[in-house]
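Engineer:
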């Protein structure tokens, strides 16, 4: 391990793993071989969604337990409005409402959190691989401005992964997977609880050669938390997470390569031994004061991260983020309110070297990058009558980005220069939530979002560039609910954006450059429908319509924005019971998206067929199987956007190849 964070991790893991216990495992209230055995956390999250006047949902662990859980794609495939496409290994494109639309690497436009604390760095860029879905009790998805309670002002909103505690997941839980391409994954977790103390900890390990050349991955992860109930009012919980992730990068392919030989790697990626290796340690502490109708959370966190990333050059970064937050919730009969604030400060020691087959050569770039992100937010919900809530709120955000260049071989005149950008913005929100009948909700809201550019946008290859924040006004209307065997979630939204941060591929080995577009529009439909036909038959479907366009652009007119297809449909039919069930599924993209801003090259559509299944082997032991892309369909799943695309443009990522995995999970 090459950082202090990595060296300290085993000691912290050991300390939490041996936290004291004084109770027996509780009787299971849900499937006893799912990671959790009590629904308290998920129920509380569902209650918060029911008070949200906009698109939001909760995804429980049971919704994806029979899958090979590699990435967020496997957990959020049936969350309405979430666009997820695998690139390779654990790398996926994640976008909500077109957030980070043209970002062909890492992540932008979305706040990702674990147990309420962002994993994004202080400049809001991040690596979603640091979220380990196999650990989660559930995930909370708040689309757009509905993510206010997490201090998020991003166009896409927020995704919060929530881990179990010793009280919600007592006892031992084991899971083991094996699959195609020499893939192996294991998980061991344990939860204990006494009268005032509880603790939960989990370790996972994962290795796979992957379905393409030069895409081998390996990871080792730990997460644990320990809680103390000091009194009926005051409690405390300490969280520790550690990630050691090594991922080879196969690179993008030409169209012909992606559709005929999808298993190959880009030759330049092999020569440069391209990879993204991450070591990170996150420690957070939350103290809660619970007075019944009112709760106050006060927390602090520190995130240490090391990134070793051979691509066109070897990117070598050491980052340290620290911060704190406060969140107050009040729930009265007529008035409810949420107020909070957050401060994050981050330092990155950024170096780039000549790439000598994945090893550091001569130094090319050396800079200190410092970021600050602060926000204050509040929302008041008033009920003039029991069935109607009127909502008003807003977020004030302040950000700073500063880069001091010590060495830039490509531009020596920049040595010793300082680049700085300061931002601030207020984003209001108005909404209403109406319940005409029990179990049925109608909602509408109008909100502003502002995204500040991060170092990946500002500190481009040649210089520190001046970019404006991305600003948008979004209107949404929708409904969710359940009546009899039918449950639904349906939202229509329209975002009018100024200064959208768009990117295009510079070349096959050089990351994208970023520019501010003039005016763009994102509008779409986010729909989910579940029909419980019988106790032994459940059909669930999600459909996403995405119409993203320039608006009178000087260069691109009213062209469609590339990358995201107009229509995406997924469906799954679960036949059987917990004792024995099978669930065929389909993903259908009728027409592929454009690959270029000029709208001259479009990818073909596709349909992928799969099936999962499970059986109760014995009390507390289940077996499962996951088969993907049964027909071995060759298609293009993701794109790195470009201005102009030719037959030799390597901007395409093929869909996952046919793969079979199986496993066992047990609780005792």
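In the working numbering, the protein residues as written are 24 to 691. Where is the CB? At the ideal position from N, CA and C, for every residue including glycine.
1. Comparing alpha-carbon positions, which option in 302, 117, 659 and 449 lies nearest residue 326?
2. For a test of the three-state rule: what should DSSP assign to residue 99, helix, strand or coil?
3. Given this structure, state the Cα-to-Cα distance separating residue 582 from residue 572, to the nearest angstrom.
4. Kindly identify the DSSP beta-bridge partner or partners of residue 374.
5. Quick check on DSSP: helix, strand or coil for residue 63?
6. Look up residue 691 in the DSSP assignment and say whether it is helix, strand or coil.
7. Checking 9 Å against the spacing of the C-beta atoms, do residue 151 and residue 227 come in under that value?
8. Beta carbon of residue 186, beta carbon of residue 246: below 9 Å?
9. Whose CA, out of 343, 657, 409 and 101, lies closest to the CA of residue 629?
10. When the Cα of residue 668 is compared with those of 690, 622 and 635, which residue comes out closest?
11. Looking only at C-alpha atoms, which of 451, 467 and 287 sits nearest to residue 457?
12. Can you tell me which residues form a DSSP beta bridge with residue 569?
13. Are the Cβ atoms of residue 317 and residue 348 separated by less than 9 Å?
14. Roughly how many whole angstroms lie between the Cα atoms of residue 219 and residue 108?
15. To the nearest angstrom, how far is the alpha carbon of residue 519 from that of residue 255?
16. Determine whether the beta carbon atoms of residue 523 and residue 551 lie at a separation below 9 Å.
17. Which whole-angstrom value describes the C-beta separation of residue 2 and residue 178, a residue pair presumed to lie in contact below a C-beta threshold of 8 Å?
18. Since residue 184 and residue 137 are thought to touch, with beta carbons under 8 Å apart, how far apart are those beta carbons, to the nearest angstrom?
19. Residue 44 to residue 189, Cα distance in whole Å?
20. Near residue 678, what residues of its chain come up, given a Cβ to Cβ distance below 6 Å and the 5 sequence neighbours on each side ignored?
21. Determine the DSSP secondary structure at residue 681, reduced to helix, strand or coil.
22. Buried or exposed, going by whether 16 or more other CB atoms sit within 10 Å of the CB of residue 434?
23. Three or more C-beta pairs closer than 8 Å, one from the segment 588–596 and one from the segment 604–617: is that the case here?
24. Who are residue 251's beta bridge partners in DSSP?
25. Between residue 397 and chain D, is there a C-beta pair that is closer than 9 Å?
26. Ignore the nearest five residues each way along the sequence and tell me which others in residue 305's own chain have a CB closer than 6 Å to its CB.
27. Does the count of Cβ pairs from the segment 393–402 and the segment 412–421 closer than 8 Å reach three?
28. Whole angstroms are fine: how far does the CA of residue 290 sit from the CA of residue 297?
29. Under the three-state reduction of DSSP, which class applies to residue 292: helix, strand or coil?
30. Is the beta carbon of residue 674 sitting closer than 9 Å to the one on residue 663?
31. Let me confirm a value: residue 600 is counted as buried when at least 16 other C-beta atoms fall within 10 Å, else exposed. Which label applies?
32. Can you give me the start and stop residues for the alpha helix (DSSP H) that residue 480 sits inside?
33. For the 8 Å Cβ check, are there 3 or more pairs between the segment 472–486 and the segment 498–516?
34. Beta-carbon within less than 6 Å of residue 406's beta-carbon, same chain only, minus the 5 sequence neighbours each way: which residues are those?
35. Apart from the five residues on each side of it in sequence, which residues of its chain come closer than 8 Å, Cβ to Cβ, to residue 97?
36. May I ask you to report which of helix, strand or coil DSSP gives residue 151?
Structural biologist: The structure says:
1. Ranked by Cα distance from residue 326, the options 302, 117, 659 and 449 are led by 302.
2. Helix at residue 99.
3. Rounded to whole angstroms, residue 582 to residue 572 spans 6 Å at the Cα level.
4. DSSP lists 339 and 389 as the beta-bridge partner residues of residue 374.
5. Of the three classes helix, strand and coil, the one that applies to residue 63 here is helix, per DSSP.
6. Here residue 691 sits in coil by DSSP.
7. Not in contact: residue 151 and residue 227 (Cβ atoms no closer than 9 Å).
8. Cβ distance < 9 Å, so residue 186 and residue 246 count as in contact.
9. When only C-alpha atoms are compared, the closest one is 657.
10. Selected option, being the one with the closest Cα: 622.
11. The candidate whose alpha carbon is nearest that of residue 457 is 467.
12. Residue pairing from DSSP places residue 569 in a beta bridge opposite 547.
13. No, they are not a contact pair.
14. C-alpha separation (whole angstroms): 43 Å.
15. If you draw a straight line from the Cα of residue 519 to the Cα of residue 255, it comes to about 48 Å.
16. It is not a contact, given that the beta carbons lie outside the stated cut-off.
17. Residue numbering for the chain in the displayed model covers 24 to 691; residue 2 lies beyond these limits and cannot be assessed.
18. Indeed, because the Cβ distance is near 5 Å, the residues count as touching under 8 Å.
19. With a pLDDT of 34 at residue 44, under the threshold of 50, the predicted position of this residue should be treated as unreliable, and no value is reported.
20. Closer than 6 Å at the Cβ level, and outside the excluded window around residue 678, lie 658 and 660.
21. Coil at residue 681, not helix or strand.
22. When all chains shown are included, residue 434 counts as exposed.
23. At 8 Å Cβ cutoff, the stretches touch.
24. Note: residue 251 sits in a beta bridge opposite 220 and 259.
25. The displayed structure is made up of one protein chain only, and chain D is not part of it.
26. Here the set comprises 264 and 326.
27. Counting Cβ pairs under 8 Å, three or more are found: they touch.
28. Computed Cα separation, rounded: 10 Å.
29. DSSP places residue 292 in helix when its eight states are reduced to three.
30. Going by C-beta atoms, residue 674 is nearer than 9 Å to residue 663.
31. Burial call: exposed.
32. Unbroken alpha helix (DSSP H) run through residue 480: 478–481.
33. With the cut-off at 8 Å, the segment 472–486 and the segment 498–516 do not touch.
34. The answer, listed in chain order, is 357 and 412.
35. Cβ neighbours of residue 97 beyond the five flanking positions: 87, 90, 91 and 156.
36. Residue 151 falls in the helix class under three-state DSSP.
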